[in-house]
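Contents: one structure, followed by commentary.
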Amino acid sequence: MDVIPLAQGFAAELAGIGLVDVASSDAAYRAVRAAFEAHSVLVFRGQSVSDDVQAAFSRAFGPLELVKVGSLGHGTFYSRLNNLAADGGVVPENDRQIWRARANQLWHTDSSFKKTPALASVLSARRVPSAGGETEFASTRLAWERLPDARKALLANAVATHSYAHSRDQIHPELMTPAERAALPPVRWRMTWRNPVHGRRALYIASHAYAIDGMGDNEAKALLAALIAEATRPEVTYLHRWRPGDVVMWDNRAILHRGRPWPLDEPRVMVRTTIQAREEDGLAEMRPAA
Numbered sequence: 007m008d009v010i011p012l013a014q015g016f017a018a019e020l021a022g023i024g025l026v027d028v029a030s031s032d033a034a035y036r037a038v039r040a041a042f043e044a045h046s047v048l049v050f051r052g053q054s055v056s057d058d059v060q061a062a063f064s065r066a067f068g069p070l071e072l073v074k075v076g077s078l079g080h081g082t083f084y085s086r087l088n089n090l091a092a093d094g095g096v097v098p099e100n101d102r103q104i105w106r107a108r109a110n111q112l113w114h115t116d117s118s119f120k121k122t123p124a125l126a127s128v129l130s131a132r133r134v135p136s137a138g139g140e141t142e143f144a145s146t147r148l149a150w151e152r153l154p155d156a157r158k159a160l161l162a163n164a165v166a167t168h169s170y171a172h173s174r175d176q177i178h179p180e181l182m183t184p185a186e187r188a189a190l191p192p193v194r195w196r197m198t199w200r201n202p203v204h205g206r207r208a209l210y211i212a213s214h215a216y217a218i219d220g221m222g223d224n225e226a227k228a229l230l231a232a233l234i235a236e237a238t239r240p241e242v243t244y245l246h247r248w249r250p251g252d253v254v255m256w257d258n259r260a261i262l263h264r265g266r267p268w269p270l271d272e273p274r275v276m277v278r279t280t281i282q283a284r285e286e287d288g289l290a291e292m293r294p295a296a
């Protein structure tokens, strides 16, 4: 396995190893898991990927999350991220799927709004547009390490509230269905996630976060916006330009990501599997005191 750096301090392409290797070989899994802990974003090029192959690869890292109510793929392990209509054509610009795509263009961490957050996401490109549609990544581990000591002291034991409704309402008041609102009440998490493998901390923030314990609403929102802006400065991000057969895996404990726009008259078809965090992934420390 060759590890090819893609950005300063995080993100790497893994060559000479594929999804099937990891699903079928403990040695391959251990090598990729070590790269995941070190680099946070892993790129696999030219994969012969299917739903089953993607799920088998993902399960090597932990239990899979079921797709939530209101999303394409609800009740399965496969989140369908596309702009296709039932007849195979592209949906109109005012379709709910386009609203969802725009919401995904906010900087976020997958599943921070759930009672069990995500360890990692695995996204595969099935059809890509001729231009645009990239995915951009930022390391919140490096962002934490860049913070001045006084800011670290403020955030070390801070607790933020995350809500799916908060991010979706920024896009359209009808984007989130009543069933989604009922199923996804706000949750609270500590604002730094310590990696138990090497002990490095990362900011745990997202467009879903909107409140911080002990702060006024305006102060909390301003601080969260400033933290995200600092973490995602263009010169410290990695922009992934998709090719068919690409698979990208990222660590939701230590990465912010967002989709980028593309010409809406062209199809873009992606499939995501999401791996739930477990106690041994550092989840135990993330729960705030009652």
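Residue 287 in this note's numbering sits at position 281 of the sequence shown, with consecutive numbering throughout.
We put the beta carbon where it would ideally sit given N, CA and C, even for glycine.
Ranked by Cα distance from L70, the first of P98, A109, A126 is A126. In the three-state DSSP reduction, V55 falls in the coil class, being neither helix nor strand. Nearest Cα to E142 within the set H168, D175, L12, V55: L12. Counting the other CB atoms within 10 Å of its CB gives I10 a total below 16, which places it among the exposed residues. L209 is the residue among T280, L209, Y35, Q60 whose C-alpha sits nearest the C-alpha of L160.
Scanning the stretch 129–179 from its first residue to its last, the whole beta strand (DSSP E) runs of 3-plus residues come out as 141–145, 165–168. The beta carbons of V253 and Q53 sit closer together than 8 angstroms. Residue ranges of uninterrupted beta strand (DSSP E) with 3 or more members, entirely inside the stretch 25–75 and ordered along the chain, are 47–50.
Considered as a whole, the stretch 184–232 harbours 193–196, 198–200, 207–209, 215–218 as its complete beta strand (DSSP E) runs of no fewer than 3 residues, in chain order. Taking the C-beta atoms as reference points, T122 is found no nearer than 8 angstroms to A162. Of all alpha-carbon atoms in P250, I23, H45, the one lying nearest the alpha-carbon of D257 is that of H45. The DSSP-derived three-state label of M276 is strand. With 16 or more other CB atoms across the displayed protein chains lying within 10 angstroms of its CB, H168 is buried. The Cβ atoms of S64 and S77 lie no closer than 8 angstroms to each other.
Its chain contains W150, T198, R200 as the residues whose beta carbon lies nearer than 6 angstroms to that of R207, once the 5 sequence neighbours on both sides are disregarded; these appear in chain order.
For E99, the secondary structure class from DSSP, reduced to helix, strand or coil, is coil. Judged by DSSP in its simplified three-state form, L289 adopts helix.
Here M182 is buried. Its C-beta has 16 or more other C-beta atoms within 10 Å. Around the CB of Q60, 16 or more other CB atoms lie within 10 Å, so the residue is classed as buried. Counting every other CB atom within 10 Å of its CB across the protein chains shown gives H214 a total of 16 or more, marking it as buried. Put simply, the stretch 85–96 touches the stretch 257–274. At least three CB pairs are less than 8 angstroms apart. If you draw a straight line from the Cα of P267 to the Cα of S136, it is about 12 angstroms long.
By the neighbour-count criterion, in which 16 or more other beta carbons inside 10 Å mark a residue as buried, A260 falls on the buried side. Taking each of G251, L233, G220 in turn and checking the Cα distance to K158, the smallest one comes out for L233. Taking a 10 Å sphere around the C-beta of L245, we find fewer than 16 other C-beta atoms and assign the residue as exposed. For H80, DSSP records no beta bridge to any residue. E186 sits close to V75, with the two beta carbons spaced by under 8 angstroms.
Of A124, A283, G79, R51, the smallest CA-CA separation from Q103 is found for G79.
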